[in-house]
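>
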Amino acid sequence: MTQRVLTGITTTGTLHLGNYVGAVRPAIAASREPGAESFFFMADYHALIKCDEPDRIERSRLQIAATWLAAGLDTQRVVFYRQSDVPEIPELTWLLTCVTSKGQMNRAHAYKASVDANVAAGEDPDAGVTMGLYSYPILMAADILMFNAHRVPVGKDQVQHIEMARDVAQRFNHLFGKGQDFFVLPEAQVDAEMELLPGLDGRKMSKSYDNVVPLFEGGAKGLKEAIARIVTDSRLPGEPKEPEGTALVQLFDAFATPEQRAAFRAELRAGLGWGEAKQRLFAQIDAEIGPMRERYEQLMANPERIEQILQEGAAKARAIAAPLLARLREAVGLRRFQPLQASTAPVAKVKSALPVFKQYREADGQFYFKLNAADGQLLLQSQGFAQGKDAGQWVARLKREGAAALAEAPVQRGEVDDALLQEALAALQAADSA
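Numbering (the working numbering), first residue to last: 31 to 464.
1. For the stretch 104 to 117 and the stretch 62 to 72, state whether three or more C-beta atom pairs, one from each stretch, are separated by less than 8 angstroms.
2. Tell me, please, which residues DSSP counts as bridged to K388.
3. If you draw a straight line from the alpha carbon of L314 to that of Q290, how long is it in whole angstroms?
4. In terms of alpha-carbon separation, which member of P84, I174, A96 and T97 lies closest to E118?
5. Decide if Q200 is buried, meaning its Cβ has at least 16 other Cβ atoms within 10 Å, or exposed.
6. May I ask you to verify whether the stretch 264 to 280 touches the stretch 299 to 317, counting CB pairs closer than 8 angstroms and requiring at least 3?
7. With H, G and I counted as helix, E and B as strand and the rest as coil, what does DSSP make of M176?
8. With DSSP as the reference, please indicate the residues paired to T40 in a beta bridge.
9. What's the C-alpha gap between A258 and K251?
10. By Cβ distance, which residues of its chain are closer than 7 angstroms to R34, with the 5 residues on each side in sequence left out?
11. When we look at the beta-carbon of D447 and count the other beta-carbons within 10 Å, is it buried (16 or more) or exposed?
12. Is L370 buried or exposed, if buried means 16 or more other CB atoms sit within 10 Å of its CB?
13. L467 lies in the beta strand (DSSP E); which residues open and close that run?
14. Using a Cβ-Cβ cut-off of 6 angstroms (strictly less than) and excluding sequence neighbours within five positions of R430, which residues of its own chain qualify?
15. Do you know how far the Cα of E297 is from the Cα of E306?
16. What residue range is occupied by the uninterrupted alpha helix (DSSP H) comprising A250?
17. Are the stretch 307 to 326 and the stretch 74 to 90 touching by the rule of at least three beta carbon pairs closer than 8 angstroms?
18. I'd like to know whether the C-beta atoms of T130 and V198 end up nearer to each other than 7 angstroms.
19. Whole angstroms is fine: what's the gap from I260's alpha carbon to P228's?
20. For the stretch 81 to 101 against the stretch 145 to 160, do three or more pairs of beta-carbon atoms, one drawn from each stretch, fall closer than 8 angstroms, so that the two count as touching?
21. When the Cα of A433 is compared with those of I39, G414, E453 and F415, which residue comes out closest?
22. Using 8 angstroms as the cut-off, can you tell me whether the stretch 136 to 152 makes contact with the stretch 415 to 430, which would need three or more C-beta pairs spanning the two stretches below that distance?
23. When you compare each of L364, R357, Y390 and I339 to D104 by their alpha carbons, which one comes out closest?
24. Would you call G185 buried or exposed, if buried means 16 or more other Cβ atoms sit within 10 Å of its Cβ?
25. For E223, which residues from the same chain have a beta carbon less than 6 angstroms from its beta carbon, with the 5 sequence-adjacent residues on both sides left out?
26. Roughly how many angstroms lie between the CA atoms of D82 and A351, to the nearest whole one?
27. Between E193 and S412, what straight-line distance do the alpha-carbon atoms span, to the nearest angstrom?
28. Taking Cβ positions, are G414 and Q442 nearer each other than 7 angstroms?
29. Label S165 either buried or exposed according to how many other C-beta atoms from any shown protein chain fall within 10 Å of its C-beta, with 16 as the threshold for buried.
30. Which of the three DSSP states, helix, strand or coil, is assigned to E217?
31. Where does P273 land, buried or exposed, given buried means 16+ other C-beta within 10 angstroms?
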């Protein structure tokens, strides 16, 4: 079965060597695997949430698009587009907003982090919080659900957003599906050992640490100058050096074969000087990056070529998005006018489905559970537990004892009437007894 995989690319800043090794290279390799239908999009609407510099947005979009194309992204195999070139996405965002509870948005990590920082600083909890930041998870859900992606490669900090997209999709399907599902439920794909490169000082390569090795910026000279600044110990040429754990060797490993890695380590232990080792590292990286850099510079000199590629990608994306959005508009009642048909069929009372407990683990390592109504509305949200079994024991007790266990349960109520919560717990208790 073909699986749709969707990757979003934030368009702020420029990419460095760590981005290439940790994200760009593996994503392009995965897009070439059989059975994968890959979607890559420039998340430029998302960029507006955290950047209000139009020139920076424009420059970053061009540079990042050129980087992915220069690195070998095959636009004949994948759909490569700008988020802002697909107007169906913001329209879907509004449809999803109308079925998403405020309580769910209140628990989004990015919003909670902003509130916590404001409170710690003695500010108003919502100081500096825009509706873009607050509603960010709904736009992300629209990005994913618009193309019914099965898998979304994300970091651990984004897993919650995939879970929220699933909840919103389930609620929309329940409210408007009438027995059919408009949306598949996406799965987060978290790489267990995503390759993280060290920076010049040995810490994780990050622009916030000012320790990055540029990918294409500055050309070969910029790459060589950055490598020359890699921190090493004071051992002189001829003295044995321990390669393991050094930033220089880890960078070399990311671009070398197993045989080359072993030979490089042997030379260092035999006394290879750090200066010569840095020259070897430059040659190793430039052998892979150099041809890409040449393509990058050609693309940057001809932005109209990049524009053409992205417009072609947008046409492919809209060919998928437009028919789905037409079905969704029909489902919610945004239809062309026609004579209204009087209903003569008796209205049957549909037996309500049972509410559902969900257990999961968050990026903080804690275990949680929540209780959702059959239509996806949040009824209860637990605190974090160190052990999954503790969360499971509380789920079992709430099913067994119903509302009687609420007084002691380590949970917060969703934004629902008490009667609805009592009814849901009573239904679960009855089902458990049966």
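C-beta: ideal position from N, C-alpha, C; glycine also.
If we stick to the structure as given:
1. Taking a cut-off of 8 angstroms for Cβ pairs, the stretch 104 to 117 and the stretch 62 to 72 touch, as three or more such pairs fall below it.
2. DSSP links K388 through a beta bridge to K400.
3. The sequence given here has Gln at residue 314, not Leu. The straight-line gap separating the alpha-carbon atoms of Q314 and Q290 is approximately 10 angstroms.
4. Looking at P84, I174, A96 and T97, the one whose alpha-carbon comes closest to that of E118 is I174.
5. With 16 or more neighbouring CB atoms inside 10 Å of its own CB, Q200 falls in the buried class.
6. Yes, they touch.
7. Three-state DSSP puts M176 in coil, outside helix and strand.
8. Partner(s): A73.
9. Across the structure, A258 and K251 are spaced so that their CA atoms are roughly 11 angstroms apart.
10. Hits under 7 angstroms: E67, F69, F177, N178, A179 and H180.
11. Counting the other Cβ atoms within 10 Å of the Cβ of D447 gives fewer than 16, which makes it exposed.
12. So L370 counts as exposed.
13. This structure does not reach residue 467, given that the chain is present from 31 up to 464, and the question cannot be answered.
14. Cβ within range, chain order: D462.
15. Between E306 and E297, the C-alpha separation is close to 11 angstroms.
16. Following the DSSP letters along the chain, one finds A250 inside the alpha helix (DSSP H) bounded by residues G249 to A258.
17. The stretch 307 to 326, when compared against the stretch 74 to 90, does not touch it at the 8 angstroms Cβ threshold.
18. Going by C-beta atoms, T130 is nearer than 7 angstroms to V198.
19. Spanning the two alpha carbons is a distance of roughly 10 angstroms.
20. As far as the Cβ criterion goes, the stretch 81 to 101 does not touch the stretch 145 to 160, which means the pair count is below three.
21. Residue E453 is the option with its Cα nearest to A433.
22. Under the Cβ criterion (8 angstroms, minimum of three pairs), the stretch 136 to 152 does not count as touching the stretch 415 to 430.
23. Restricting attention to L364, R357, Y390 and I339, the CA atom closest to the CA of D104 is found in I339.
24. An exposed status is given to G185, since fewer than 16 other beta-carbon atoms sit within 10 Å of its beta-carbon.
25. Unreliable placement is indicated for E223, whose pLDDT of 48 sits below 50; the coordinate value is still reported in the next sentence. Excluding positions up to five away in sequence, the list is empty.
26. Take the alpha-carbon of D82 and the one of A351: they are about 28 angstroms apart.
27. The alpha-carbon separation between E193 and S412 amounts to approximately 16 angstroms.
28. The answer is no: Cβ separation not under 7 angstroms.
29. So S165 counts as buried.
30. Residue state, collapsed to three classes: strand.
31. P273 comes out buried.
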